[in-house]
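What follows is a set of notes on a single structure, which appears directly below.
Protein chains in written order, with our numbering: chain A, -19 to 259; chain B, -19 to 259.
The structure is reproduced here in structure tokens:
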């Protein structure tokens, strides 16, 4: 048994604003008899797919010949929830800027943020950007020197953030982790927004293009008491299986032409469940 | 656009049994049109507190003078859920072995596993062990050379695991992470059961007793581009605030008398949200 006052003292700060409530924090609230605390509301995040080629997953619509299953939306909805957000499904809109603008305008009335996928490539399939301009949204960024995910756009509409991710699935996921995740976590009240990471040794050389920051998907494994990161295919932003076969990514800085085999690197993990061992 | 077959091929294994489904895995299932997969059922885990001194949190019952708020049960229920289990609240039972046995027997009919807290100290307050013996449970372990948490007991009743955690909150939480968490995760279908961890430099010397494996709670912070681990009070298994002020623990092996300041150590994190930076 411990004496009164041996654990926490009167006037002591036991929890801070913005802190994630862990089991022991809930225990401490029980101990001091505090039966309610203010928490952040989950941000409502609308998820919209743009593209006339897209069909709903598991629908009976024919695919092939220019028809593509919309895999981005289920992935992004799932990611939003994992970041602490409340995902709203705004469906698919074809390549018509007016219709995209209408759906965004309607959806944003009940949301704190929007994420679009597709329609951001510079040139003819720039529908999402066109729609944002129609709405009078302030486009802060369109195009970033990263690979994959370079066509990503960041805008403000109605005082709320809109993140426009590229359509190819691997580019969509990498750009989500870099640009959408920090915003959702900030809206959800988290004070830190970094991905979990581990240090690993690179199992093979990876090439990259000078002037672009590359995000190389890696498969992690343990050997000789340390983590090794095996780089998967660097190119092919549409190749989803580089994401399913990997546990995270390594960043090649824009001022380097690739990384050497054997280098110590930081691997950013998609989820904390990726770790295969405890060290 | 990618050609058919450029992502996954017919006959290729895309997901394995026991794999945690990530957003990209759900995307791949959409891509290949697989609209249902078999998943593990959440294990039902009963949580029972043992001790005549315990009162419900937030109840009007007087505390002080030998009365203690039961903080273990809300913490353990919360931990069970975070490990992928479905927590059942079996309440508080006083220091009577027959009553504890009855509650366990009744509860186990609808559960896959039980966790008890309290009543495991060797000697007069050994009620939980007594109850397990009354039920004819097979007691595999009672007492482990660790600090804190040494009175922990592991048993099998009705073919199901029973983990008996010590009552003092810090001991309860450490013993949960070491003994209950791996069992729940295994029942939930996870193939790996390690805690997330980071490497850090120890900010101060920690003493420990030879022959005991010590679990030293540490506060993590970043300085000079690396993590530092500041050890909190080593003794006082009832002191909950060493858990609320720390982000994880460092293990001092049983064949060492403490760790030196400046040593590189592995910090096991309570949750993946503990990380304050991305490296």
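Idealized CB from N, CA, C, for every residue including glycine.
Item	Value
Member of A/162, A/142 and A/153 whose CA lies at the smallest distance from the CA of residue 224 of chain A	A/153
Residues that residue 195 of chain A bridges to, as DSSP identifies them	A/231
Near-chain B residues of the segment 136 to 164 of chain A - C-beta to any C-beta below 8 Å	149 and 153
Residue -7 of chain A at chain B interface by Cβ criterion, 8 Å	no
Length of the line joining the Cα atoms of residue -19 of chain B and residue 88 of chain A	Confidence at residue -19 of chain B is low in this model, with a pLDDT of 44, below 50, so the placement of that residue is unreliable and no value is reported for it.
Interface positions of the segment -1 to 10 of chain A facing chain B (Cβ-Cβ less than 9 Å), listed along the chain	0, 1, 2, 3, 4, 5, 6, 7, 8, 9 and 10
Rounded C-alpha distance that separates residue 81 of chain A from residue 151 of chain A	23 Å
Amino acids of chain B, ordered along the chain, whose beta-carbon sits closer than 9 Å to that of residue 251 of chain A	0, 2, 3 and 252
Other residues of its chain near residue 236 of chain A: CB distance less than 8 Å, five sequence neighbours each side excluded	188 and 190
Through-space distance from residue 238 of chain B to residue 130 of chain B, alpha-carbon basis	18 Å
Rounded C-alpha distance that separates residue 13 of chain A from residue 112 of chain A	50 Å
For residue 178 of chain B and residue 247 of chain B, believed in contact at Cβ under 8 Å, the rounded distance	5 Å
Bounding residues of the beta strand (DSSP E) (the contiguous stretch that carries residue 136 of chain A)	133 to 137
Whole-angstrom C-beta distance between residue 96 of chain A and residue 144 of chain A, which should lie under 8 Å	5 Å
Proximity below 8 Å, CB of residue 75 of chain B to CB of residue 46 of chain B	no
Assigned secondary structure, residue 52 of chain A (DSSP; H/G/I helix, E/B strand, else coil)	helix
Assigned exposure category for residue 6 of chain A - 16 Cβ within 10 Å defines buried	buried
Cβ pair residue 218 of chain A, residue 148 of chain A closer than 8 Å	yes
Minimum Cβ-Cβ distance from residue 219 of chain B to chain A less than 8 Å	yes
Residue 228 of chain A classed as buried or exposed, judged by whether at least 16 other C-beta atoms fall within 10 angstroms	buried
Residue-level contact to chain B via CB, residue 167 of chain A, 8 Å cutoff	no
Touch test, the segment -8 to 7 of chain B against the segment 127 to 142 of chain A, Cβ-Cβ under 8 Å, three pairs minimum	no
Candidates B/193, B/18, B/167 and B/128, of which the one nearest residue 220 of chain B by Cα	B/128
Proximal residues to residue 207 of chain A (C-beta, below 6 Å), its chain only, five neighbours per side dropped	178, 180 and 200
Check whether residue 34 of chain B and residue 78 of chain B have beta carbons under 8 Å apart	no
Identity of the residues DSSP links to residue 224 of chain A by a beta bridge	Answer is none; residue 224 of chain A lacks a bridge partner.
Where residue 4 of chain B sits in the DSSP three-state scheme	helix
Endpoints, the alpha helix (DSSP H) within which residue 168 of chain B is located	Taken as a continuous stretch (DSSP letters only), residue 168 of chain B belongs to no alpha helix (DSSP H), as it is neither H nor E.
Member of A/168, A/24, A/30 and A/213 whose CA lies at the smallest distance from the CA of residue 110 of chain A	A/30
Bridge partners - residue 208 of chain A, DSSP secondary structure assignment	A/181 and A/201
Contacting positions in the segment 201 to 216 of chain A - beta carbon closer than 9 Å to chain B	216
Below-8 Å beta-carbon distance, residue 34 of chain B vs any chain A residue	no
Span separating the alpha-carbon of residue 19 of chain B from that of residue 116 of chain A	46 Å
Beta strand (DSSP E) segment containing residue 143 of chain B, residue limits	140 to 145
Distance, residue 123 of chain A Cα to residue 59 of chain B Cα	43 Å
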